[in-house]
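First comes the structure, then the notes that go with it.
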Amino acid sequence: MASIASESQAQLLLTKQLLSVPKGHPRKVIRSSINTPDLVFEFDKNGRLILMEQGDEKARFNWTSDSTEVEWVLFAEQTETARNIVSIDKLTETECEYECDGVIFDFKLRKDGAVLSYSISSSESKMEITHHFRNDNDIYPFQIVQSDGVQAGVVLVNINETDQYGNATSVTQSINGQQMTFLTTIEYY
Numbered sequence: 013m014a015s016i017a018s019e020s021q022a023q024l025l026l027t028k029q030l031l032s033v034p035k036g037h038p039r040k041v042i043r044s045s046i047n048t049p050d051l052v053f054e055f056d057k058n059g060r061l062i063l064m065e066q067g068d069e070k071a072r073f074n075w076t077s078d079s080t081e082v083e084w085v086l087f088a089e090q091t092e093t094a095r096n097i098v099s100i101d102k103l104t105e106t107e108c109e110y111e112c113d114g115v116i117f118d119f120k121l122r123k124d125g126a127v128l129s130y131s132i133s134s135s136e137s138k139m140e141i142t143h144h145f146r147n148d149n150d151i152y153p154f155q156i157v158q159s160d161g162v163q164a165g166v167v168l169v170n171i172n173e174t175d176q177y178g179n180a181t182s183v184t185q186s187i188n189g190q191q192m193t194f195l196t197t198i199e200y201y
């Protein structure tokens with residue numbers, strides 16, 4: 013089971029769009045799957061992540077007023093265990109680029125909020141993820157290709173259910189014959 017610390021560092025998803033909730037104004041998003049504890053995300057009214065919680069671990073995100081920096085503070089059982097600064101280079105409707113502790117995150121989005129691709133890179137490695145859509149109106153991909161330059165993996169995605177805004181609430185992902193279904197509960201402002 014991955015901890016919130018490894019989740020925070022591996023995929024620091026700072027906005028609702030990067031978490032694949034492109035529509036509406038979510039206040040809280042709860043991700044559930046059968047093999048892991050619920051992962052809870054809370055957002056401000058601007059769609060910026062302010063809290064991530066899993067079990068007894070919490071990460072708080074404190075944004076500067078101009079959205080150029082975010083301080084994230086990790087707690088385990090009420091005790092601070094880590095603190096870091098995220099420097100945001102771009103935060104636009106179609107691109108989000110930021111750096112944290114030597115790791116660079118670069119997201120490309122469509123104007124409707126759908127994530128087209130992203131990369132996570134450091135001085136040692138680079139992971140590229142590309143989303144493939146059946147048509148230009150889809151906000152969720154049917155296929156995700158992950159590559160680290162040496163190996164590539166293909167994840168097939170099926171959207172089982174959406175809510176009143178069109179955000180996915182049940183998603184099944186398949187890779188190498190293994191399936192995992194994720195349920196998402198979204199509370200809106």
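Using the working numbering, you'd call the opening residue of the sequence shown number 13 and step up by one each time. Backbone N, C-alpha and C define an ideal beta-carbon position, used for all residues, glycine too.
Determine the extent of the beta strand (DSSP E) in which Glu54 is found, giving its start and end residues.
Thr48 to Phe55
Please return the same chain residues whose Cβ sits closer than 6 Å to the Cβ of Thr197, not counting the five positions on each side in sequence.
Ile42
Three-state secondary structure assigned by DSSP to Pro38
strand
Less than 8 Å between the C-beta atoms of Ser32 and Tyr152, yes or no?
It is a contact, given that the beta carbons lie within the stated cut-off.
Our contact map puts Glu173 next to Pro38 with C-beta atoms below 8 Å; I'd like the distance itself, whole angstroms only.
No, Glu173 and Pro38 are not in contact; Cβ-Cβ is about 16 Å, not under 8 Å.
Residues in its own chain within less than 6 Å of Gln190 by CB, not counting five upstream and five downstream?
none
Per DSSP, what kind of secondary structure is Asp124 in: helix, strand or coil?
coil
Of the residues Phe145, Ser186 and Asp124, the one placed nearest Gly36, counting alpha carbons only:
Asp124
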